[in-house]
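Colleague: Numbering (UniProt numbering), first residue to last: 1 to 315.
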């Protein structure tokens, strides 16, 4: 299978939006691998010296402004033969730091506690590639677990241009800390070609992302892209080496629970042959409902179940 690389630059990014009319940077065959570099942060978030701002990010700031509020995404990449209704399987092979700093930001009227803080607060955080830690201003070395906050396919054409901030059925700003290297993400395809984009690199994040940001940074990801004609999805889902994971996004966390739990029940029933009532019971006994994030307009819930429990019914 072929291997490709795309560097973040003014010519390869789209800032703040997804749109079915974006032209692909390249078209790959199913099974091909694409390494994609990303950058994060507007001019207002750049750190002072001695931090080094990548030239690509400086050039992007000079050439672009966000079309809508949102992230700097690299892409899209088209997959030859991808059709609406299929599923894009994104095998996350590797994630590496792109530069040696990140930032965390909070502001009044944002985040999980919009009324509690009266001033903008920015932390510039050095990242140590060798130790894979980020040093917080009070001296704490926080272990890094990098992942991409944004991974998406194109939305349906009828949706028009959309901000990257709220996650949706096409993926986007998932902010799911489980999507590290070794995990596989499944995205329902809405447009021929799929049109995969990635951005919003996170050095580390807790479930909830409560102050609005993780450690925002640039990352380099390597993705193996496959088409799945044997799957049908309404919402994104994922598999880690040990767990299956269903996801849902909605302004109401209660609705997120309903959507993600129903998806997990369907998955269990399909893979094991047990009745949905039995799958519901298994979720109560062994599945974990986690709050993905609460700060992106559409909140997120993901349900995780150990794959060893997906045993075929024997009766």
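Glycine included, C-beta positions come from ideal geometry on N, C-alpha and C. The model shown is predicted, which means the values in this text are computed figures rather than measured ones.
Note down, in chain order, each residue of its chain lying with its Cβ closer than 8 Å to the Cβ of residue 298, except the 5 sequence neighbours on either side.
Modeller: Counting only Cβ-Cβ distances below 8 Å, and skipping sequence neighbours, we find 166, 167, 168, 249, 250, 251.
Colleague: Go ahead and pull the three-state DSSP assignment for residue 4.
Modeller: It is a strand residue.
Colleague: Kindly indicate which residue of 215, 235, 81 has the alpha-carbon position closest to the one of residue 29.
Modeller: Ranking the options by Cα distance to residue 29, first place goes to 81.
Colleague: Would you kindly work out how many angstroms separate the C-alpha atoms of residue 66 and residue 200, rounded to a whole number?
Modeller: C-alpha separation (whole angstroms): 14 Å.
Colleague: Going by DSSP in three states, residue 145 sits in which element: helix, strand or coil?
Modeller: Coil.
Colleague: When the Cβ atoms of the stretch 224-241 are set against those of the stretch 122-131, are three or more pairs found closer than 8 Å?
Modeller: No: the two stretches stay apart, fewer than three of their Cβ pairs being nearer than 8 Å.
Colleague: For residue 239, which residues in the same chain have their Cβ closer than 6 Å to its Cβ, ignoring the five residues on either side in sequence?
Modeller: Closer than 6 Å at Cβ, skipping near neighbours: 184.
Colleague: Three or more beta-carbon pairs under 8 Å between the stretch 146-154 and the stretch 14-31, yes or no?
Modeller: The stretch 146-154 vs the stretch 14-31: in contact.
Colleague: I believe residue 247 touches residue 305 by the beta-carbon criterion, under 8 Å. Please report the beta-carbon distance rounded to the nearest angstrom.
Modeller: About 13 Å; that fails the 8 Å criterion.
Colleague: Since residue 262 is in the beta strand (DSSP E), which residue starts that stretch and which ends it?
Modeller: Segment 253-272 is the alpha helix (DSSP H) holding residue 262; no beta strand (DSSP E) there.
Colleague: Could you pull the DSSP bridge partners for residue 299 from this structure?
Modeller: Answer is 250.
Colleague: In three-state terms, what does DSSP make of residue 276?
Modeller: In the structure shown, residue 276 sits in a helix (DSSP, three-state: H, G or I).
Colleague: So, helix, strand or coil for residue 314, using DSSP?
Modeller: Residue state, collapsed to three classes: coil.
Colleague: Taking DSSP as the reference, what is the three-state secondary structure of residue 285?
Modeller: Helix.
Colleague: Does DSSP classify residue 192 as helix, strand or coil?
Modeller: Here residue 192 sits in coil by DSSP.
Colleague: What residues match up with residue 96 in a beta bridge as DSSP calls it?
Modeller: Residue 96 is bridged to 220.
Colleague: Per DSSP, residue 35 is paired with what?
Modeller: Paired residues: 5, 222.
Colleague: So the candidates are 308, 295, 300; which of them puts its Cα closest to the Cα of residue 108?
Modeller: Cα-wise, what sits closest to residue 108 is 295.
Colleague: Can the beta-carbon of residue 213 be found closer than 9 Å to that of residue 105?
Modeller: Taking 9 Å as the Cβ cut-off, residue 213 and residue 105 qualify as a contacting pair.
Colleague: State the start and end residues of the unbroken alpha helix (DSSP H) segment that holds residue 58.
Modeller: Taken as a continuous stretch (DSSP letters only), the alpha helix (DSSP H) holding residue 58 covers 55-63.
Colleague: Go ahead and pull the three-state DSSP assignment for residue 152.
Modeller: Strand, per DSSP.
Colleague: Within a Cβ cutoff of 6 Å, which residues of the same chain sit near residue 288, ignoring the five residues on either side of it in sequence?
Modeller: 304, listed in sequence order.
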